[in-house]
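In the numbering used here, the protein residues as written are 6 to 287.
For every residue, glycine included, the Cβ atom is placed at its ideal position computed from N, Cα and C.
Remember, predicted model here, so these are calculated numbers, not experimental data.
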Ligand code: FBP
């Protein structure tokens, strides 16, 4: 028979994933992680109540955010069928450059539970000089969350001077695959990581995670919506479980057609062009 906490973990994971095992999750931690300038082109989205209302209305499967945003905009979730993932680590862009490779706890599992979260998340910058600190923090978050029956998501990002020196870029599939494997071996229930540039290489990342769902980390806004839809299409073709997307949603004046097109690609396997046309993006 399944242990009580396993039942809780599985039940809560289903608040993000539909029956097809895939999810589109909106990311909103940029005001902290990058700074409010990320919102300058679409300034009304600086207000979490405004943007969350739009993304929920468009049919998003889940929201990933920091504890304070979940508190400010908590009412947007009332009565809505949308998963809430509270991320418990971050860093500001104001830090000195050499300290940018570290994410620090800004909240605790108990805070996320009080906020009504369905999952908690923490980042590990694999290969960073601070890898040790983030590994320990992730282990602690995972252990506490799992005890309470909460899934734990790892934002698995290879990053740091050594990665740049040895592999040239943080999106090299060998390090992304390594990070995904390390996340799975640490007991993550969901992994969010970089696009590796091709379906074939992303499929290896998915294989390395050995059944733990791997979701794309959105990245900078693509000027052409088709470009981003193509990436997400290939993530799904590679066996990926969806995407966690921030800038490609909130940096659009009207984010709803993009969300609906992404949902078509993720859940209906629609070709990017077909999905874009159906939502008036082309
Ligand atoms: P995006 O889709 O905007 O890339 O959001 C995903 C995310 O992981 C955010 O959660 C986070 O704030 C940001 O990307 C990290 O970006 P960077 O790679 O610049 O550190």
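Distance from the Cα of residue 20 is smallest, within the candidate group 129, 194, 124, 215, for 124.
Straight-line spacing of the CA atoms in residue 186 and residue 132 works out to 13 Å. Approximately 19 Å separates the beta-carbon atoms of residue 23 and residue 261; this is outside 8 Å, ruling out the contact. Around the Cβ of residue 11, a 10 Å sphere holds fewer than 16 other Cβ atoms; the residue is exposed. Between residue 243 and residue 30, the C-beta gap is not smaller than 9 Å, which leaves the two residues out of contact. Around the Cβ of residue 48, a 10 Å sphere holds fewer than 16 other Cβ atoms; the residue is exposed. In the structure shown, residue 36 falls within a helical segment according to DSSP collapsed to helix, strand and coil. Those residues having their beta-carbon less than 5 Å away from any non-hydrogen atom of the ligand FBP are, in chain order, 32, 34, 35, 38, 222, 223, 224, 250, 251, 252. CA-CA distance, residue 199 to residue 241, rounds to 14 Å. For the pair residue 259 and residue 233, the CB atoms are not nearer than the 9 Å cut-off. Here the alpha carbons of residue 165 and residue 207 stand approximately 21 Å from one another. Residue 78 and residue 33 have their alpha carbons spaced roughly 12 Å apart. In the structure shown, residue 68 adopts extended strand secondary structure according to DSSP, grouped into three states. Taking 9 Å as the cut-off, the beta carbon of residue 265 is found closer than this to the beta carbon of residue 64. Using a C-beta cut-off of 8 Å, the stretch 112 to 120 makes contact with the stretch 76 to 92, since at least three inter-stretch Cβ pairs fall below that distance.
For residue 251, the closest C-alpha among the options 44, 18, 14, 7 is that of 44. Excluding the 5 residues flanking it on each side, residue 175 has same chain C-beta neighbours closer than 6 Å at 163, 164, 168, in chain order.
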